[in-house]
Amino acid sequence: GGVSVHSLSKSEGAVIELFFPQTGIDESELSAEDDTSSRRASDRKPGVLFIDDDPLVCAVTERILARKGFVVHTAESGAQGLDLYQSKKDDIAVAIIDLNMPDMNGEQVVQQMLKLGLLVPVVATSGADEQLDAAYLRQVGFCDIISKPYSAGDLADKINHVLQQAVH
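Here my numbering is used: the first residue of the sequence shown is 156, the next is one more, and so on.
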């Protein structure tokens with residue numbers, strides 16, 4: 156995402172362009188009714204820690220995964236994600252971490268989680284395909300990868316797959 160401002164002459168004003176990140180999520184997936192509030196606590200899916208420096212991606216992902224029954228904890232920085240992980244460790248079954256963040260990249264976050272006694276599988280995500288070296292990412296602590304943009308269904312499927320693998 157971003158903003159571009161081009162100043163014109165005093166009488167013409169300015170041109171302001173807003174660029175929103177591509178989420179890869181259908182509007183139909185956002186509007187589909189899935190009343191998770193009526194589910195019993197025992198039917199709820201496990202907790203997801205989602206760390207991405209883009210607030211829009213965090214908000215949309217939280218909404219989508221919540222509609223699919225997941226309990227979602229979002230963080231907009233690596234440091235915030237580590238704090239959430241420590242405070243919600245018992246509620247988190249899987250973490251999804253963006254690789255490219257300004258304060259602390261995804262690899263650094265995973266390294267800190269390992270120092271804290273990482274107990275959950277971690278999925279790497281990035282819009283920059285050159286960052287997605289699967290063998291290297293597995294070496295440093297990630298168990299799987301999902302490339303941006305992804306659909307809500309793909310993300311939920313990835314979470315379920317990773318959780319099933321963790322059980323076996």
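C-beta atoms are modelled at their ideal positions from N, C-alpha and C, and glycine is treated no differently. If you're wondering where the values come from, they're calculated on a predicted model, not measured in any experiment.
- prompt: What distance in whole Å lies between the Cβ atoms of ALA250 and LEU211, which are believed to be in contact at a cut-off of 8 Å?
  reply: As a first step, residue 211 is located in the sequence shown; it is residue number 56 there, counting from the start. As a first step, residue 250 is located in the sequence shown; it is residue number 95 there, counting from the start. Their Cβ separation, rounded to whole angstroms, is 20 Å, which puts LEU211 and ALA250 out of contact at 8 Å.
task: From the DSSP output, in three-state form, read off ASP253 for me.
output: Indexing the sequence shown from 1 puts residue 253 at position 98. In the structure shown, ASP253 sits in a strand (DSSP, three-state: E or B).
message: Is the beta carbon of GLY261 closer than 9 Å to that of THR280?
response: Position 125 of the sequence shown, counted from the start, is the residue given in the question as residue 280. Position 106 of the sequence shown, counted from the start, is the residue given in the question as residue 261. Their beta carbons are under 9 Å apart, which means THR280 touches GLY261 by this criterion.
- prompt: Of the residues GLN235, LEU274 and LYS270, which one's Cα is nearest the Cα of MET256?
  reply: Looking up residue 256 in the sequence shown gives position 101. Nearest option by C-alpha distance: GLN235.
message: Rounding to the nearest angstrom, what Cα-Cα distance links VAL322 and VAL277 in this structure?
response: Within the sequence shown, residue 322 is the residue found at index 167, counting from 1. Within the sequence shown, residue 277 is the residue found at index 122, counting from 1. For VAL322 and VAL277, the distance between alpha carbons rounds to 14 Å.
task: Taking only runs that begin and end inside the stretch 266-302, name each unbroken alpha helix (DSSP H) of 4 or more residues, in chain order.
output: 289-294
message: Between which residues of its own chain and VAL265 is the CB-CB distance below 7 Å, once the five residues before and five after are set aside?
response: For the purposes of this step, residue 265 is identified with residue 110 of the sequence shown, where counting begins at 1. For VAL265, where only same-chain residues beyond five positions count, the Cβ hits under 7 Å are ILE252, VAL277, VAL295, GLY296 and PHE297.
- prompt: Residues bridged to VAL227 by DSSP?
  reply: For the purposes of this step, residue 227 is taken as residue 72 along the sequence shown, with counting starting at 1. Beta-bridge pairing links VAL227 to VAL203.
task: Determine the extent of the alpha helix (DSSP H) in which LYS244 is found, giving its start and end residues.
output: Here residue 244 is taken as the residue at index 89 of the sequence shown, counted from 1. Premise fails: LYS244 is in no alpha helix (DSSP H) and is neither H nor E.
task: Could you pull out every residue in the same chain whose Cβ sits closer than 8 Å to the Cβ of CYS213, ignoring the five residues on either side in sequence?
output: On the sequence shown, residue 213 is found 58 positions in, with the first residue counted as 1. Once the five neighbours on either side are set aside, the close Cβ partners of CYS213 are PHE205, ASP207, THR229, ALA230 and GLU231.
query: Considering only the beta carbon of each residue, do LEU220 and TYR240 sit closer than 9 Å?
result: One-based indexing of the sequence shown puts residue 220 at position 65. One-based indexing of the sequence shown puts residue 240 at position 85. No; because the gap between Cβ atoms is not below 9 Å, this pair is not in contact.
- request: Would you check if the distance between the CB atom of ILE301 and the CB atom of LEU310 is smaller than 9 Å?
  value: Numbered from 1 along the sequence shown, position 146 holds the residue referred to as residue 301. Numbered from 1 along the sequence shown, position 155 holds the residue referred to as residue 310. Cβ atoms of ILE301 and LEU310: closer than 9 Å.
task: Quick one: give me the first and last residue of the alpha helix (DSSP H) that ASP309 is part of.
output: Position 154 of the sequence shown, counting from 1, holds the residue named residue 309. Counting along the chain, the alpha helix (DSSP H) containing ASP309 begins and ends at 307-322.
field: Boundaries of the alpha helix (DSSP H) in which PRO210 is found, first to last residue
entry: Within the sequence shown, the letter at position 55 stands for residue 210. Counting along the chain, the alpha helix (DSSP H) containing PRO210 begins and ends at 210-222.
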